[in-house]
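The structure appears right after this line, and notes come after that.
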Amino acid sequence: YIDKWEKQQDVPPEFYRKAYKAGLYSHQYPKEYGGTPFEDQVGGYEDVDPFMNIILYEELARVGSGGLIGAGWIHYVAVSPVLLFGSEYLKEQMRPVIEARKFASLAISEPTAGSDVRKIQCTAKLDESGVFYHCSKNW
Numbered sequence: 147y148i149d150k151w152e153k154q155q156d157v158p159p160e161f162y163r164k165a166y167k168a169g170l171y172s173h174q175y176p177k178e179y180g181g182t183p184f185e186d187q188v189g190g191y192e193d194v195d196p197f198m199n200i201i202l203y204e205e206l207a208r209v210g211s212g213g214l215i216g217a218g219w220i221h222y223v224a225v226s227p228v229l230l231f232g233s234e235y236l237k238e239q240m241r242p243v244i245e246a247r248k249f250a251s252l253a254i255s256e257p258t259a260g261s262d263v264r265k266i267q268c269t270a271k272l273d274e275s276g277v278f279y280h281c282s283k284n285w
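By my numbering, the letter at position 27 of the sequence shown is numbered 173, and the numbering carries on one by one without gaps.
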C-alpha cells in the first residue's frame, strides 16, 4: 500500500482510524481527550518518553515512506498547543482529531514567523470590550 499512497500523494482515512485503534495514532495524548497512552504511561501527553516517538517513526520509516509519517502525525502540531494551553472547551474540540475522525494542522500567517512559531510577534490583551490583537498577517 505504501508505494501506491506515495504515488497518489494521499493516505486513505481508514489508515488513521486503524492506527488509532492500534494505539499508535494518539498515544501521546491523555485518555480523557480520546488519547490512547501506552500502559506504562501515567497520564499521556506529558509523560511520553521522546524515544517512544523516535522508535515509532523509525519503524514506520523502514517501510520507506516519509510521507506516511508526515501525513499520519501532522495533527500533533495542531493538537499539542491546545492541550497545553487551551481551555477545557477547546481541548474537548480536539477529541475528533485525536480519535482520527477529523484532521487538523497549524497555519502561521505572520510574516515574521514562517514555519517558526517562536518568531511570532502577535500579542493579545484583554480589555473591557473584549480581546485586542496587535499583529500583522500575510493575508
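Cβ coordinates follow ideal geometry from the N, Cα and C atoms, glycine included. Nothing here was measured: the structure is a model prediction, and the numbers come from that model.
As the crow flies, the alpha-carbon of Phe278 is around 6 Å from that of Leu272.
Nearest to Ile254 by alpha-carbon distance, out of Gln239, Cys268, Val243, is Cys268.
Inter-residue distance for Tyr235 and Ser251 is about 18 Å (C-alpha atoms, whole angstroms). Per DSSP, Lys271 is one residue of the beta strand (DSSP E) stretching across 269-273. Counting other Cβ atoms within 10 Å of its Cβ, Pro242 stays below 16 and is therefore classed as exposed. When rounded, the separation of the alpha-carbon atoms in Tyr166 and Ser275 is 42 Å. With the rule of 3 Cβ pairs closer than 8 Å, the region 200-217 does not count as touching the region 225-234. Going by beta carbons, Tyr175 and Gly169 fall outside the 8 Å limit. Relative to the Cα of Trp219, the nearest Cα in the group Arg163, Asp149, Ile266 belongs to Arg163.
Positions of the alpha helix (DSSP H) runs, each at least 4 residues long and wholly inside the region 213-283, are given as 221-231, 234-239, 241-244 in order along the chain. Minimum Cα-Cα distance from Ile244 among the listed residues Lys153, Phe161, Val157, Tyr171 corresponds to Tyr171. Look at Ala168 here: in three-state DSSP terms it is coil, with no helix or strand label. Met240 has its alpha-carbon roughly 22 Å from the corresponding atom of Leu202.
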